[in-house]
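Enquirer: Numbering (full-length UniProt numbering), first residue to last: 1 to 54.
Glycine residues also receive a C-beta, built at the ideal position from the N, C-alpha and C atoms.
Remember, it's a predicted structure, so these values are computed and weren't measured experimentally.
Listed below in structure tokens is the structure:
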């Protein structure tokens, strides 16, 4: 397990993710759970990731 906060690199390095913010938001394949909706649940505000606004 790695704690990683550079969201621009997530899709390039990780096949599976756990997204947490005081509770489990999502777990599974990066392509499935690395979504705008899950990032909004985790960060609660607008997040810009490599041209993708979440």
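Under a three-way DSSP split, which group does residue 3 fall into?
Expert: Against the chain shown, residue 3 aligns to sequence position 3. DSSP places residue 3 in coil when its eight states are reduced to three.
Enquirer: On the criterion of 16 or more Cβ atoms from any shown chain inside 10 Å, does residue 27 qualify as buried, or is it exposed?
Expert: Against the chain shown, residue 27 aligns to sequence position 27. With fewer than 16 Cβ atoms within 10 Å of its Cβ, residue 27 is classed as exposed.
Enquirer: What span of residues does the beta strand (DSSP E) with residue 22 cover, start to end?
Expert: Numbered from its first residue, the chain shown carries residue 22 at position 22. First-last for residue 22: undefined, no H or E at that position.
Enquirer: Assuming residue 10 contacts residue 20 (C-beta within less than 8 Å), just tell me the rounded distance between them.
Expert: For this step, residue 10 is matched to residue 10 along the chain shown. For this step, residue 20 is matched to residue 20 along the chain shown. With a Cβ gap of about 14 Å, residue 10 and residue 20 do not count as contacting.
Enquirer: Would you please state the rounded distance, in angstroms, between the beta carbons of residue 6 and residue 30? I believe it to be under 8 Å.
Expert: Numbered from its first residue, the chain shown carries residue 6 at position 6. Numbered from its first residue, the chain shown carries residue 30 at position 30. Contact flag wrong, Cβ pair sits at about 14 Å.
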